[in-house]
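Below is one structure, written out as structure tokens, with a few remarks after it.
So this is what it looks like as structure tokens:
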């Protein structure tokens with residue numbers, strides 16, 4: 006919300022009552038995602054969102070939550086980068102092969118990165 010102008014007109018409900026429904030609990034997640042989606046739609050710029058360490062959230066119990074978060078972010082003007090160690094079960098169904106980049110190994114000297122059969126010098 007910090008990226009929105011201080012004063013603007015919109016048909017989106019950004020009332021104090023609606024914002025108070027977002028309280029960090031799992032029960033408030035559906036409203037939180039709806040609010041996030043509404044805010045992303047009224048932004049006048051494209052954004053980059055980096056979610057690092059997705060493996061800490063990657064669990065069968067979070068699959069649907071992460072799927073809904075990804076759908077919400079994709080419906081807005083947001084480019085998303087998820088980083089994770091290993092393969093993410095949560096993202097397997099929602100992210101296509103062409104959207105994935107797998108780093109197989111990193112040269113200890115930090116000069117080369119091996120990407121699925123190709124080596125890139127850094």
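Residue numbers (the numbering used here): 6 to 127.
Quick reminder that beta carbons are idealized off the backbone N, C-alpha and C, glycines included.
With 16 or more neighbouring CB atoms inside 10 Å of its own CB, residue 63 falls in the buried class. In this structure, residue 78 sits away from residue 99, with a CB-CB distance that is not shorter than 7 Å. Under the three-pair Cβ rule at 8 Å, the segment 12–19 does not count as touching the segment 51–61. For residue 22, there is no enclosing beta strand (DSSP E); the residue is found in the alpha helix (DSSP H) stretching over 21–25. Only residues of its own chain outside the window of five on either side were considered, and among them 95, 98 and 99 have a CB closer than 8 Å to the CB of residue 72, listed in chain order.
The beta carbon of residue 33 lies closer than 7 Å to those of 26 and 27 in the same chain, with the five residues before and after it left out. Per the coordinates, the alpha-carbon of residue 48 lies some 25 Å from the alpha-carbon of residue 30.
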